[in-house]
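Numbering (our numbering), first residue to last: 1 to 290. Just so you know, even glycine gets a beta-carbon here, dropped at the ideal spot from N, CA and C.
#1: Quick check on residue 233: buried or exposed, where buried means 16 or more other Cβ atoms within 10 Å of its Cβ?
#2: Please classify residue 231: does DSSP put it in a helix, a strand, or coil?
#3: Do you know how far the Cα of residue 133 is from the Cα of residue 322?
#4: For the putative contact between residue 137 and residue 157, defined by C-beta atoms under 8 Å, what is the C-beta separation to the nearest angstrom?
#5: Taking 7 Å as the limit between beta carbons, can you name the residues of its chain near residue 144, skipping five residues before and five after?
#6: Would you call residue 107 buried or exposed, if buried means 16 or more other Cβ atoms sit within 10 Å of its Cβ?
#7: Quick check on the DSSP output: what are the complete beta strand (DSSP E) runs of length 3 or more inside the stretch 158–220, in order along the chain?
#8: Going straight from the alpha carbon of residue 168 to that of residue 70, what length do you get?
#9: Pick out whichever of 121, 193, 178 has its Cα sitting closest to the Cα of residue 109.
#10: Per DSSP, residue 133 forms a beta bridge with which residues?
#11: Kindly list the residues whose CB is nearer than 6 Å to the CB of residue 179, restricted to its own chain and excluding five residues on each side of it in sequence; keep chain order.
#12: List the endpoints of the continuous alpha helix (DSSP H) containing residue 154.
#13: Please report the straight-line C-alpha distance between residue 245 and residue 227, rounded to a whole angstrom.
#14: Does residue 288 pass the burial test, meaning 16 or more other C-beta atoms within 10 Å, or should it be called exposed?
#15: What would DSSP say about residue 102, mapped onto helix, strand or coil?
#16: If residue 82 and residue 224 are in contact, beta carbons under 8 Å, what's the gap, nearest whole angstrom?
#17: Exposed or buried, which one is residue 141 when buried takes at least 16 other CB atoms within 10 Å?
#18: Measuring straight from C-alpha to C-alpha, what distance separates residue 229 and residue 121?
#19: Mind checking residue 188: buried by the 16 CB within 10 Å criterion, or exposed?
#20: Return the residue from the list 50, 101, 51 that minimises the CA-CA distance to residue 196.
#21: In whole angstroms, give me the CA-to-CA distance for residue 56 and residue 131.
#22: Is there contact between the stretch 159–173 and the stretch 89–98, where contact requires at least three CB pairs shorter than 8 Å?
#23: My assumption, with CB atoms under 8 Å, is that residue 72 sits in contact with residue 164. Please give the rounded CB distance.
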C-alpha cells in the first residue's frame, strides 16, 4: 500500500483524537467521581447499576411505608394507653359508687366525674395525626365520634400498607371495635349512678367496664406485636440498602488515586503522540532538496 502525506496526517489525527478522548474521559471521571456517566461507558456495569438503583428506590419506598405505619401505631398505642387509664379510673369509681352507704348527692358527684371521663374518652377516640383521624377506618377525614352518646361515624375498615413485595400489614384499628364497648359501659354507669341502681352498677356495668378494659389491652398487645415486626423489617431494609449501596459504589465510583495516575499516564501519551506527530509531519520535499 502506497503511503502518502495525506494518509499519514489522517492516521496521526485519528490517533491524536483517540488519545484526547481517553484524556477527556479520565478528566470527566475525576470531575464527576463516577466511572460510568453514560451507558456506553460500560453497558454491563451500567445495567447492574440500574438494577441496584431500582432495588434501593424500592427499599426506600418500603421504609417510607413502614415509617408511616410505625408513626400511626405509636400514636394509636399512646391513645389506647390513655384510654386504659380512663377506664381504670372509671372502674375505681364504679366500685366506690356501688357502696350502698353513699347518699345520692355523693353518687351524683361521682356521676359528674364519669361524664368528664366520657368526654375525655371522646377526645382520645378523635386522636389525629397529620390531619387524619386514626380511629375512623378508611374515613380518615371524618371525626369518629361527636360525643359519647352518638354512634360511630367512621367505617369498619383497616388501613394497610405494603412493607415488602406482595406483603401488606394492617396498621390501624377502627374505633367502633375499641370504643363502642367503653362508651356503652360509661353510659350505663352514668345511668346507674343517676338512678341509684347499685346492684346493676356492681355487676353488669362493672363487667362491661372490665370487658372494655380487656378489649383495650388486647388491641394494645396486637399493635405492639405489629410495631415490633415493622421495626425488624425496617432494620432488614436498612442492612440491605447498606450492602447494595456498597455494591453500587464499587461499580460507579472512581478510585481517585488510580484515576489520577491513569490521567498523568494518558497526558504523557498524548504529549508524546503530539511530539511524534510534529516530527513526522515537519519534513517536506524542500527539506530534502536542501
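In brief:
#1: Answer is buried; the Cβ neighbour count reaches 16.
#2: Correct three-state label for residue 231: helix.
#3: In the structure displayed, the chain extends from 1 to 290; residue 322 sits before or after that span and is not available.
#4: Contact holds; Cβ gap of about 4 Å.
#5: Here residue 144 has 125, 126, 133, 135, 136, 152, 153, 154, 175 as same chain residues with Cβ atoms under 7 Å from its own Cβ, once five neighbours each way along the sequence are excluded.
#6: Here residue 107 is buried: its Cβ has 16 or more other Cβ atoms, across all protein chains shown, within 10 Å.
#7: The stretch 158–220 contains these whole beta strand (DSSP E) runs: 160–164, 167–170.
#8: For residue 168 and residue 70, the gap between their C-alpha atoms comes out near 14 Å.
#9: Nearest C-alpha to residue 109 among 121, 193, 178: 193.
#10: Note: residue 133 is bridge-paired with 128 in the DSSP secondary-structure output.
#11: Excluding its 5 nearest sequence neighbours in each direction, residue 179 has C-beta neighbours in its own chain below 6 Å: 125, listed in chain order.
#12: Here residue 154 belongs to no alpha helix (DSSP H), and DSSP marks it neither H nor E.
#13: Residue 245 and residue 227: Cα-Cα distance of roughly 27 Å.
#14: Below a pLDDT of 50, predicted positions are generally treated as unreliable, and residue 288, at 47, falls in that range; the measurement from the model is reported next regardless. Its Cβ having fewer than 16 others within 10 Å, residue 288 is exposed.
#15: Residue 102: coil per DSSP, three-state reduction.
#16: Not really, about 15 Å apart at Cβ, beyond 8 Å.
#17: By the 10 Å Cβ count, residue 141 comes out exposed.
#18: Whole-angstrom Cα-Cα distance: 29 Å.
#19: Buried.
#20: Minimum Cα distance to residue 196 is reached at 101.
#21: Each residue's alpha carbon lies about 30 Å from the other.
#22: Touching, no.
#23: A Cβ-Cβ separation of about 18 Å leaves residue 72 out of contact with residue 164 under the 8 Å criterion.
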